[in-house]
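Chains as they are written, first to last, in this note's numbering: chain H, 1 to 292; chain D, 1001 to 1273.
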């Protein structure tokens, strides 16, 4: 290609997308960093002269804010329980599906994938009905085996677990497909060789299957972890952070500060704390993989 | 690993079937409940199949509630999302097949926005829309989600694999740049674009957060925002709630079932495995 002459063509191709991306995705990062050091709120939005530079005050205040600390604790609760469950269940489904290579595998692949393509509001409406303490299906089914009615969304710890159950159900699809692709790329002869050596199924799973899927497992774990750190939609539509702030997550806290209380500066500061945690968690994962 | 005998096959099949039933239970319950009348839907013990199947809830969605308006708004968003996909594809082609000044710098912007969590940009994007006077407008709902950095990245990865000679040959034949793009590149990129079209359709049909933040007037609500409103206003009318949910979920499931082959294959195309 002729480099000496200025060529407009590539800019016609990348121009519209890059411009939009710059205005609505890249510039906001800089704006966010800027306002996180200010006390910007609704009056600051109307009149910029009302905005004051407050240095690190927002960050200091965040770590004294009980609501934020609780949201952070809840987020870790979600991650510690949710990530292993989500990765484990999608791996289990993939392993079971991989036994079949006919209509069974293609049908159930769709069945298990469907929750992840459905709308979160619709999901929330349906699950709120299922979780309803009086009229819900779950408590009815439990009453059949003489279990007392469970306060699915009314008690903080139970509510957190209920949201995790819903989120795991919803998130299995994509990870399952990645695991399935990885499983199918393991050469058959590994297993044949193991058979000759008389290895049993458990040994084959831990010595052949899991090690061959190192990268897929790593990829799924990292993306799942990042996703769960940003846990937002489920508590937002199901419980709005309640009861007693018991299901609030960091991402939901940011939304509430920004759009319910209009504390833009404070919310932006919280978003950088979350971002820092995401970066640290990702780096730790990469570090752990290297030492393997 | 393979199963040794028929018994093992039956056990695994049973587990898959039971799990599949559990996973589908919310959807089955949603559809069954949406056809029950107000009394039956709250009855204890619950009935499995509606005793007197009724369409009243579905009719109410359109007659007394504004689901017709929500549907049109949602379809407008879907339409523009497809335009956004075209812009993503153009950008992916531009980054994959051209050399130009500061290319790495521009591409860095794409990569950085890909890695930043949505919560970081949520508040400032709203402030920017507010400065542009776009809050409570359709443009304000559409613009923030129009370009997806990850899609540009994915499409670029594919474009790189198209041989330069092919494009050069077309240029020597006197084809214009956009003619080459639409007549040569897009047909070549069909496998990956097919996946992107379906995923873009699903994502835009489901889009919730930006319509919720930006739209104040009910005339701008999408199906998901309208459904959230319905739930707030009809707390115990579960039949109506289930009908509204089914109206959102069923079309997407049908579309997915028709095209799922492309998505599953697309995972191999995009090279994630």
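Quick reminder that beta carbons are idealized off the backbone N, C-alpha and C, glycines included.
Values in this document were obtained by computation on a predicted structure and should not be read as measured data.
Reference residue i, options the options, closest by Cα
i, options, result
"residue 1009/D", "63/H, 41/H and 102/H", "102/H"
"residue 294/H", "1203/D, 1210/D and 1093/D", "In the structure as shown, chain H begins at 1 and stops at 292. Residue 294/H is therefore absent and cannot be evaluated."
"residue 1077/D", "1095/D, 1149/D, 1156/D and 1221/D", "1221/D"
"residue 227/H", "22/H, 276/H and 83/H", "83/H"
"residue 115/H", "1230/D, 1027/D, 1228/D and 1245/D", "1027/D"
"residue 1056/D", "1241/D, 1049/D and 1123/D", "1241/D"
"residue 1059/D", "1254/D, 1247/D, 1041/D and 1262/D", "1247/D"
"residue 209/H", "234/H, 229/H, 243/H and 182/H", "182/H"
"residue 1207/D", "1161/D, 1087/D, 1249/D and 1044/D", "1249/D"
Short CB-CB distance (under 9 Å) between residue i and chain D
i, result
"residue 128/H", "yes"
"residue 121/H", "yes"
"residue 206/H", "no"
"residue 289/H", "no"
"residue 169/H", "yes"
"residue 177/H", "yes"
"residue 242/H", "no"
"residue 160/H", "no"
"residue 80/H", "no"
"residue 154/H", "no"
"residue 233/H", "yes"
"residue 260/H", "no"
"residue 83/H", "no"
"residue 278/H", "yes"
"residue 3/H", "Caution applies to residue 3/H, whose pLDDT of 47 falls short of 50 and renders its modelled position unreliable; the value that the coordinates give is listed next. True, the Cβ-Cβ gap to chain D drops below 9 Å."
Any chain H beta carbon closer than 9 Å to residue i
i, result
"residue 1272/D", "Note that residue 1272/D scores a pLDDT of 42, beneath 50, so its modelled location is shaky; the value from the coordinates is reported in the next line. It does; some Cβ of chain H falls within 9 Å."
"residue 1039/D", "no"
"residue 1245/D", "yes"
"residue 1045/D", "yes"
"residue 1183/D", "no"
"residue 1080/D", "no"
"residue 1093/D", "yes"
"residue 1231/D", "yes"
"residue 1177/D", "yes"
"residue 1170/D", "no"
"residue 1174/D", "no"
"residue 1006/D", "no"
"residue 1099/D", "yes"
"residue 1062/D", "no"
Sequence-distant residues of its chain with Cβ nearer than 7 Å to residue i (five each side left out)
i, result
"residue 1214/D", "1129, 1135, 1136, 1140 and 1141"
"residue 1258/D", "none"
"residue 112/H", "93, 172, 173 and 176"
"residue 1080/D", "1142 and 1146"
"residue 1125/D", "1144"
"residue 70/H", "245 and 248"
"residue 79/H", "225, 228 and 229"
"residue 97/H", "105, 108, 109 and 180"
"residue 1239/D", "1033, 1034, 1036, 1037, 1038, 1041 and 1057"
"residue 1205/D", "1074, 1078 and 1252"
Residues near residue i in its chain [Cβ-Cβ closer than 6 Å; skip 5 each side]
i, result
"residue 263/H", "41 and 257"
"residue 1003/D", "1009"
"residue 1006/D", "none"
"residue 1019/D", "none"
"residue 1262/D", "1194 and 1195"
"residue 1184/D", "1170"
"residue 224/H", "83, 86 and 87"
"residue 149/H", "133 and 139"
Cut-off 8 Å between Cβ atoms - residues of its own chain near residue i, not counting five sequence neighbours on either side
i, result
"residue 45/H", "262 and 264"
"residue 168/H", "82, 85, 86 and 89"
Terminal residues of the alpha helix (DSSP H) in which residue i lies
i, result
"residue 16/H", "9 to 21"
"residue 1200/D", "1190 to 1206"
"residue 1232/D", "1223 to 1233"
"residue 247/H", "Unbroken run through residue 247/H: none, as it is neither H nor E."
"residue 237/H", "233 to 238"
"residue 196/H", "188 to 196"
"residue 176/H", "156 to 184"
"residue 1101/D", "Careful: residue 1101/D lies outside any alpha helix (DSSP H) and carries neither H nor E."
"residue 215/H", "214 to 229"
"residue 68/H", "66 to 98"
"residue 147/H", "First-last for residue 147/H: undefined, no H or E at that position."
"residue 1211/D", "1209 to 1214"
Check whether the segment 23 to 39 of chain H touches the segment 264 to 272 of chain H, taking contact to mean three or more Cβ pairs, one atom from each stretch, closer than 8 Å.
yes
Should the segment 44 to 64 of chain H be called in touch with the segment 1152 to 1164 of chain D, which here means at least 3 C-beta pairs below 8 Å?
no
Is it true that the segment 1062 to 1080 of chain D meets the segment 1218 to 1235 of chain D, where meeting means three or more beta-carbon pairs spaced less than 8 Å apart?
yes
Should the segment 1104 to 1122 of chain D be regarded as contacting the segment 14 to 25 of chain H, the criterion being three or more beta carbon pairs within less than 8 Å?
yes
Quick check: the segment 1033 to 1047 of chain D against the segment 1193 to 1201 of chain D, are there 3 or more CB pairs under 8 Å?
no
For the structure I just gave you, are there three or more beta carbon pairs, one from the segment 119 to 126 of chain H and one from the segment 1223 to 1234 of chain D, closer than 8 Å?
yes
In chain order, what residues of the segment 1211 to 1226 of chain D put their CB closer than 7 Å to some CB of chain A?
Reference to chain A is not applicable here, since the protein chains of this structure are H and D.
Check whether the segment 210 to 220 of chain H touches the segment 273 to 282 of chain H, counting contact only when three or more Cβ pairs, one atom from each stretch, lie closer than 8 Å.
no
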